[in-house]
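S.K.:
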Amino acid sequence: MTQNPDALCGLIARAARLTVTESMRYSGDLYNTNIQVKSGQAITPGAIVGIDPGYSNVFTWTPGENETINMYAQIQGHVITFVITSDGLSRVLTFNTGFKSTGTLNTGAVAGKVFTITFISDGTNYNEVARTGAM
0 MTQNPDALCG LIARAARLTV TESMRYSGDL YNTNIQVKSG QAITPGAIVG IDPGYSNVFT
60 WTPGENETIN MYAQIQGHVI TFVITSDGLS RVLTFNTGFK STGTLNTGAV AGKVFTITFI
120 SDGTNYNEVA RTGAM
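Residue numbers (numbering that gives the first Met the number 0): 0 to 134.
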């Protein structure tokens, strides 16, 4: 259906209330990906934010301070996407326990900017596979 595996990450973020089955052809090989996307889960801001991947595939929140995000559990092969909206004050988000990310996210000082970050679990860590800039 698509030549770009990164497009799948965008599909996940847009499909917060749907079950998606995507067959993807890339580099001549066929990959079948069955993705169950549960209803989006809103995160309550706090200095330390704990994530349970069993609740959702899509987590949304507006940070209220600098925050450290920890993963409570691992589900091998599980894909999660964070949709983060800035509140107008510069916030630094640190993906900590249970994550391997490319670094912190600084939301900047413009209200209403949206960022998405997608991770896939290898059973030990959720590894970052995609990140947008401010939209």
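Cβ atoms here follow ideal geometry from the backbone N, Cα and C, with glycine treated the same way.
1) Taking the CB atoms as reference points, tell me whether Phe58 and Ile79 lie closer together than 8 Å.
2) Enumerated in chain order, which unbroken segments of the beta strand (DSSP E) with a length of 3 residues or greater are wholly contained in the segment 78 to 120?
3) Whole-angstrom Cβ separation of Trp60 and Ile47, contact assumed at under 8 Å?
4) Alpha carbon to alpha carbon, what distance is there between Thr101 and Gly87?
5) Who are the Cβ neighbours of Thr103 in its own chain at under 7 Å, not counting the five residues just before and after it?
6) Looking only at its chain, what residues have a beta carbon closer than 6 Å to the beta carbon of Val113, apart from the 5 residues adjacent to it on each side?
7) What is the DSSP secondary structure of Glu64, counted as helix, strand or coil?
8) Can you have a look at Val82 and say buried or exposed, based on whether 16 or more other CB atoms are within 10 angstroms of its CB?
9) Does DSSP put Tyr54 in a helix, a strand or coil?
10) In chain order, what residues of the same chain lie with their CB nearer than 6 Å to the CB of Thr117, ignoring the 5 residues before and after it?
M.R.: Let me spell this out:
1) Inclusion of Phe58 and Ile79 in the CB contact set at 8 Å is warranted, their separation being smaller than that value.
2) Every unbroken stretch of the beta strand (DSSP E) spanning 3 or more residues and falling wholly within the segment 78 to 120 is given here in chain order: 78 to 84, 91 to 94 and 113 to 120.
3) Between the beta-carbon of Trp60 and that of Ile47 there is about 13 Å, and that puts the pair past the 8 Å contact cut.
4) Rounded to whole angstroms, the separation of the alpha carbons of Thr101 and Gly87 is 23 Å.
5) Cβ within range, chain order: Val91, Leu92 and Thr93.
6) Contacts found: Thr84 and Met134.
7) If DSSP states are grouped into helix, strand and coil, Glu64 belongs with coil.
8) Buried.
9) In this structure, Tyr54 counts as coil in the three-state DSSP scheme.
10) So the list reads Cys8, Thr80, Val128 and Ala129, once near-sequence residues are dropped.
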